[in-house]
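Asker: Would you mind keeping the following structure in view while I ask a few things?
Numbering (my numbering), first residue to last: 4 to 340.
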């Protein structure tokens, strides 16, 4: 449903960690994107194998782009029968349903038929006919998902329904990386799963990590500013990573569950900062789709979560807890107030 990119300010990181001689970062293509893990520890090369094996395991259970995954089996059984799934899938879907409820359905894990129809980010990307969109919209309703956490089963009530956990699964995967790191005594690392950035621990000397936020309308790798965080995760949803241009019109991949078209509300990027990546992942899409006023109200209601909002007129807003630690460096953007 959405994927984004943040840019780690590598020069600053390499300078601060040169005395620690960190192992080279390792990058693999998994979860449908490039995933990079950088362990700032000595003597842990075998841990990379464990971490990436866990990522592949999660992909094999939750991908909608691979045949035979557990999510694929659930979708194939829609309207027919319940399907027993791994606890991983139960946990991620439970979180997705929670954010569907909190967002009044603008975040909805049953968006699969609509995502497939548009195909943005695939070779089959196109602008569907209005009649096609109208036909699949009734299939999008998270309340038609029956999840039994005790029996570990999922049932989709209506034929043609399809789950898509792409807007939240990478967050869960990032949290799993932290669980494994803690188990192995690792104290600091940078985890970047296709833009879901988790700054685990802190720099030597107790200093914060410095991470750049992608410019939504700039070249990949260009950032609008730098955020300083310790032991936090940050996830961005924006209009820039996956899009389709047809007849001179740009269609991004964050789709409205009410009208079936890309969300249009003046926002071009939302960055969420909090403790758990699964929460940041779910909230970044939810807040983007809700729009600034309702989205910010949701963050304030939840607490312990911060947000940075970028608008199509170049203005930037942020919640109170993060504004002082975010420095705008691009001349294209400025604070709204």
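Backbone N, C-alpha and C fix where the C-beta goes; we use that ideal spot for every residue, glycine too.
Keep in mind the model is a prediction, meaning the values are calculated, not measured.
What does a CB cutoff of less than 6 Å around residue 172 pick up in its chain, not counting 5 residues either side in sequence?
Answerer: Answer for residue 172: 65, 95, listed in chain order.
Asker: DSSP three-state label for residue 254, please.
Answerer: strand
Asker: In terms of residues, what are the limits of the beta strand (DSSP E) holding residue 285?
Answerer: Counted as a single uninterrupted DSSP element, the stretch harbouring residue 285 is not any beta strand (DSSP E) but the alpha helix (DSSP H) occupying residues 280 to 293.
Asker: For residue 11, count neighbouring C-beta atoms within 10 Å of its own C-beta (all shown protein chains included) and say buried if the count is 16 or more, exposed if not.
Answerer: Residue placement at residue 11 cannot be trusted, given a pLDDT of 42 that sits under 50; what the coordinates show is reported in the next sentence. Residue 11 is buried by the Cβ-count criterion.
Asker: Specify the secondary structure class of residue 237 as computed by DSSP and reduced to three states.
Answerer: strand
Asker: Comparing alpha-carbon positions, which option in 266, 322, 176, 74 lies nearest residue 157?
Answerer: Ranked by Cα distance from residue 157, the first of 266, 322, 176, 74 is 74.
Asker: With a 10 Å radius around its C-beta and 16 neighbouring C-beta atoms as the bar for buried, classify residue 126 as buried or exposed.
Answerer: exposed
Asker: Please say whether residue 291 and residue 272 have beta carbons closer to each other than 9 Å?
Answerer: yes
Asker: Are there 16 or more other CB atoms within 10 angstroms of the CB of residue 133, so buried, or fewer, so exposed?
Answerer: exposed
Asker: Considering only DSSP beta bridges, list what residue 246 is partnered with.
Answerer: Bridge partners of residue 246: 255.
Asker: Can you tell me the Cα-Cα spacing of residue 3 and residue 60, whole angstroms?
Answerer: Residue 3 lies beyond the residue range present for the chain, which begins at 4 and ends at 340; the question has no answer from this structure.
Asker: Taking the C-alpha atoms as reference points, what is the distance between residue 105 and residue 285?
Answerer: In this structure, the CA atom of residue 105 is about 10 Å from the CA atom of residue 285.
Asker: For residue 99 and residue 143, I'd like the C-alpha separation in whole angstroms.
Answerer: The C-alpha of residue 143 is placed about 14 Å away from the C-alpha of residue 99.
Asker: Leaving out the 5 sequence neighbours to the left and right, which residues in its chain are closer than 8 Å to residue 324 when beta-carbon positions are compared?
Answerer: 309
Asker: Please report how far the alpha carbon of residue 270 lies from the alpha carbon of residue 170, in whole angstroms.
Answerer: 18 Å
Asker: Out of 231, 114, 119, state which residue places its alpha-carbon closest to the alpha-carbon of residue 261.
Answerer: For the residues 231, 114, 119, the minimum Cα distance to residue 261 belongs to 114.
Asker: Could you check whether residue 277 and residue 239 sit closer than 9 Å to each other, using their CB atoms as the reference points?
Answerer: no
Asker: Could you check the C-alpha separation between residue 18 and residue 206 for me, to the nearest Å?
Answerer: Residue placement at residue 18 cannot be trusted, given a pLDDT of 29 that sits under 50; what the coordinates show is reported in the next sentence. Going from the Cα of residue 18 to the Cα of residue 206 covers about 11 Å.
Asker: Quick check on residue 28: does DSSP put it in helix, strand or coil?
Answerer: coil
Asker: Leaving out five residues on either side along the sequence, give the residues of the same chain with a beta carbon under 8 Å from the beta carbon of residue 314.
Answerer: For residue 314, where only same-chain residues beyond five positions count, the Cβ hits under 8 Å are 269, 270, 271, 295, 320, 339.
Asker: In the DSSP assignment, what are the bridge partners of residue 231?
Answerer: Answer by DSSP bridge pairing, in chain order: 213.
Asker: Does the segment 32 to 42 come into contact with the segment 184 to 196, if we say contact requires no fewer than three beta-carbon pairs (one atom in each stretch) closer than 8 Å?
Answerer: Counting Cβ pairs under 8 Å, three or more are found: they touch.
Asker: Nearest to residue 154 by alpha carbon, out of 29, 146, 93?
Answerer: 93
Asker: Assign residue 330 to one of two classes, buried (16 or more other C-beta atoms within 10 Å of its C-beta) or exposed (fewer than that).
Answerer: exposed
Asker: Return the first residue and the last residue of the beta strand (DSSP E) that residue 277 is part of.
Answerer: 270 to 277
Asker: Based on DSSP bridge pairs, tell me the residues matched to residue 195.
Answerer: 39, 200
Asker: On the three-state DSSP scale, how would you describe residue 21?
Answerer: Only weak support is given to the placement of residue 21: the predicted model assigns it a pLDDT of 33, under 50, and the question is left unresolved by the model.
Asker: Could you pull out every residue in the same chain whose Cβ sits closer than 6 Å to the Cβ of residue 233, ignoring the five residues on either side in sequence?
Answerer: 205, 211
Asker: Between the alpha carbons of residue 48 and residue 327, how many angstroms are there, rounded?
Answerer: 37 Å
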